[in-house]
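Report on the structure given below.
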Amino acid sequence: MADWNPSLYLQYSAERTRPAAELLARVTLDDVTSIVDLGCGPGNSTALLKHRWPSAQITGVDNSPAMLEEARRALPDCQFVEADIRHYKPNQPLSLIYANASLQWIPDHYDLLPHLVSLLQLNGVLAIQMPDNWLEPTHVSMREVAYEQGYPDRSREPLPGVHACYDILTEAGCDVDIWRTTYYHKMSSHQAIIDWVSATGLRPWLQELNESEQKCFLERYRELLEEQYPLQENGQILLAFPRLFIVAKREP
Numbered sequence: 321m322a323d324w325n326p327s328l329y330l331q332y333s334a335e336r337t338r339p340a341a342e343l344l345a346r347v348t349l350d351d352v353t354s355i356v357d358l359g360c361g362p363g364n365s366t367a368l369l370k371h372r373w374p375s376a377q378i379t380g381v382d383n384s385p386a387m388l389e390e391a392r393r394a395l396p397d398c399q400f401v402e403a404d405i406r407h408y409k410p411n412q413p414l415s416l417i418y419a420n421a422s423l424q425w426i427p428d429h430y431d432l433l434p435h436l437v438s439l440l441q442l443n444g445v446l447a448i449q450m451p452d453n454w455l456e457p458t459h460v461s462m463r464e465v466a467y468e469q470g471y472p473d474r475s476r477e478p479l480p481g482v483h484a485c486y487d488i489l490t491e492a493g494c495d496v497d498i499w500r501t502t503y504y505h506k507m508s509s510h511q512a513i514i515d516w517v518s519a520t521g522l523r524p525w526l527q528e529l530n531e532s533e534q535k536c537f538l539e540r541y542r543e544l545l546e547e548q549y550p551l552q553e554n555g556q557i558l559l560a561f562p563r564l565f566i567v568a569k570r571e572p
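First residue of the sequence shown? That's 321 in this note's numbering, and the numbers climb one at a time after it.
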């Protein structure tokens with residue numbers, strides 16, 4: 321798969337950083353020495369961590385060289401490592417593992433979440449935010465177009481759900497705070513929605529297509545979006561974007 325595009329991703333940096341900040345606001349740790357930002361992307365979430373705990377050792381982990389290059393440029397005082405989240409192992413138990421909009425790309429949370437908890441020190445925190453939009457028209461329409469045009473299903477797995485995540489983490493020895501928020505992002509057009517998802521959820525569907533195939537895919541995708549997302553009175557479109565938040569503290 322081609323590398324991520326930091327410029328396209330950061331086109332909506334304010335909207336993407338808002339849930340990262342709201343997740344961080346619910347982390348009540350004071351004595352923080354070591355932090356890992358899993359799936360740090362271009363460093364927009366890492367910057368929040370650096371501002372909150374300037375003296376902590378902060379490491380950003382991502383599998384995208386382009387994203388890491390942007391993160392290193394923006395935050396030269398932080399360490400950044402190219403690695404698969406599933407296989408990353410820190411040198412010491414961590415105060416905080418922070419994962420903003422990254423774990424939804426990784427399957428089998430029944431194994432992943434307990435593994436991440438095991439990397440924490442006692443009273444350490446696992447803070448997670450994941451887009452929970454698998455059933456939203458943006459993502460249902462991707463699958464519908466692929467089916468119509470004869471392409472394989474390249475969507476990510478749906479999240480386990482609130483109750484399953486709660487059980488997984490409490491059984492792993494955590495006190496769990498879990499909630500779900502739906503944002504309504506103001507979009508200027510249906511093309512703006514395509515631009516938004518092209519940086520993230522639409523990437524797997526387009527990567528294997530040639531230019532002509534991409535054009536056909538996106539034309540049909542736009543038609544479906546126009547059916548599902550009506551214009552407001554002022555011409556804007558409200559893009560519903562549900563997200564799942566978890567703050568899990570490893571109990572002694």
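The C-beta atom is built at its ideal place from N, Cα and C for all residues, glycine as well.
What you are looking at is a predicted structure, and each value in this text was computed from that prediction instead of being measured.
Here I557 is near I513, since their CB atoms are less than 8 Å apart. A419 is bridged by DSSP to I448. Taking every protein chain shown into account, the CB of T353 has fewer than 16 other CB atoms within 10 angstroms, so this residue is exposed. Note that the region 397-414 touches the region 434-445; at least 3 beta-carbon pairs, one per stretch, sit closer than 8 Å.
Just measuring C-alpha positions, the residue of S375, A394, K370 and A403 sitting nearest P385 is A403.
With contacts defined as CB atoms closer than 8 Å, V381 and Y418 fail to qualify as a contacting pair. By the CB criterion at 8 Å, R476 and P562 fall outside the cutoff. Distance from L489 to A568 at the Cβ level is roughly 4 Å; contact confirmed, criterion being Cβ atoms closer than 8 Å. Ranked by Cα distance from E571, the first of T502, H505, A492 and P524 is A492.
Ranked by Cα distance from V356, the first of P410, H505 and E543 is P410. DSSP lists D382 as the beta-bridge partner residues of E402.
Taking the Cα positions, Q534 is about 16 Å away from W516. Rounded to the nearest angstrom, the gap between the Cα atoms of V347 and V445 is 8 Å. The beta carbons of A394 and A376 sit about 17 Å from each other, so the pair does not count as a contact at 8 Å. Two segments are said to touch when three or more pairs of C-beta atoms, one from each, lie closer than 8 Å; by this definition the region 545-559 does not touch the region 463-483. Here E390 is buried, its C-beta having at least 16 other C-beta atoms within 10 Å. Per DSSP, reduced to three states, the secondary structure at D397 is coil, with no helix or strand assignment.
For S461 and Q527, the gap between their C-alpha atoms comes out near 17 Å. Under the DSSP assignment, R500 falls in the beta strand (DSSP E) whose first and last residues are C494 to M507.
Taking every protein chain shown into account, the CB of Y467 has fewer than 16 other CB atoms within 10 angstroms, so this residue is exposed. Membership of V356 in the beta strand (DSSP E) is indicated by the continuous run S354 to L358. Inter-residue distance for N453 and H459 is about 7 Å (C-alpha atoms, whole angstroms). For P524, the uninterrupted alpha helix (DSSP H) run begins and ends at R523 to L526, by DSSP.
Under the three-state reduction of DSSP, K409 is assigned to coil, being neither helix nor strand.
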